[in-house]
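Please read the structure below before turning to the comments.
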DNA sequence: CATAACTCGGACTATAATGATCCGCGTTAT
DNA sequence: ATAACGCGGATCATTATAGTCCGAGTTATG
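Protein chains in written order, with the working numbering: chain A, 840 to 1016; chain B, 840 to 1016.
Okay, structure coming up:
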């Protein structure tokens, strides 16, 4: 299993769509069906983004999520931490203190400070986090904008509007898709 | 669960002891009991290190493991990859191709190249791996040598020798510890 | 004002990975 | 010959992840 999980992947993809819809809130359900991912699972991801102040939620019918800040002010690291809860890269079990020559009583010089192996892992983790902190949603969105043809953005807007209107008038309208 | 697991932690600690015993091979069992970790689990870790050319094994009684190279030539990254099998930080599920506006047939511009989110994760992974690749066993051992008092190294050697001799003469000799 | 479509939260299930154990086989010093 | 090794496969318990389901509270719309 990967360290950065599917929840983060789903979250980031959704945030990019939200960046393209700064006016009208998008529901987690629409975002899920729009991207072919599990709606119930995505519904567990968004509250975490909301608690982290990355998106803002509006309740009730026609409710949904909006980006709480500008895409350029949201780093990938924030999103990862919001969804995964700042889990460490490495979980030091303090093996150095169990060495048999100490006979259950490790001397202070052996357990003082950070374990040397742990320190290496912490540096690697910091390198990873620094890299993620240097990328914002706007950076990623910029890459996509350069790839997509001009009419794509409009296609997306239409799909989402149709979907919302379709549901509002009855399930039959969504059948043809 | 952490991305870099207990297997790596055990492996690195053992390799440091092996670096202090360049002449006489140490068995995985002795290394485990010496450090208070599971012998059976450690016995599953060492074959991976051997296949990666990090340690060399000698079979039969009085057999065990030796470092296959100098501690300064073994990077932490190698050890991690040997034990964990180069698992990725992030497992891209290619969500971009599932977008509903494509109606099951994503256009080539959408799926060409690496997913922009995946690219961010790959950069972070590379930063982490570069950091791990810059640390060798000798670097870690250096930190430890500066902490331990001079007599410690001798205590360790004696413990391991006693343990090997004790088992060679019969289990009764190990009872007093 | 009733309904439908939202968010939110908790309980729950299934599957996969990890940590750990056990056993049998071939090898080797004593 | 035996005891202590390494090696590999089968197995098991625990935990995390991915995903589902349901109930409660909120709000636009007819």
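By construction, the Cβ of each residue, glycine as well, lies at the ideal position given by its N, Cα and C atoms.
- For the segment 918-939 of chain A, the residues whose beta carbon sits under 8 Å from a beta carbon of chain B are, in order, 926, 927, 928, 929, 930, 931, 932, 934, 935, 937, 938, 939.
- Within the segment 856-903 of chain A, the complete alpha helix (DSSP H) runs of at least 4 residues fall at 867-874, 878-890.
- For the pair residue 937/B and residue 927/B, the CB atoms are not nearer than the 9 Å cut-off.
- Selection 961/B, 876/B, 948/B, 912/B evaluated against residue 973/B yields 912/B as nearest (Cα-Cα).
- Partner residues in the beta bridge of residue 929/B, as assigned by DSSP, are 843/A.
- Looking at the DSSP output, residue 950/B sits in no beta bridge, so it has no partner there.
- Per DSSP, the unbroken alpha helix (DSSP H) holding residue 981/B starts and ends at 976-986.
- Around the beta carbon of residue 903/A, 16 or more other beta carbons lie within 10 angstroms, which makes this residue buried.
- With 16 or more other Cβ atoms inside 10 Å of its own Cβ, residue 917/A counts as buried.
- Residue 891/B and residue 953/A have their C-alpha atoms roughly 28 Å apart.
- Annotation: the continuous alpha helix (DSSP H) that includes residue 922/A extends over 915-923.
- Contact residues of the segment 862-885 of chain B toward chain A are 872, 873, 874, 875, 876 (C-beta to C-beta distance below 7 Å).
- The residues 928, 929, in chain order, have a CB closer than 7 Å to that of residue 960/A in the same chain once the five nearest residues on each side in sequence are set aside.
- In terms of CA proximity to residue 909/A, 980/A leads the group 999/A, 996/A, 980/A, 995/A.
- Judged by their CB atoms, residue 846/B and residue 873/B are not nearer to each other than the 9 Å cut-off.
- For a cut-off of 8 Å, the C-beta gap from residue 897/B to residue 885/B is around 12 Å, too long to register as a contact.
- Comparing alpha-carbon positions, the option among 1001/A, 1006/A, 948/A, 871/A lying closest to residue 982/B turns out to be 948/A.
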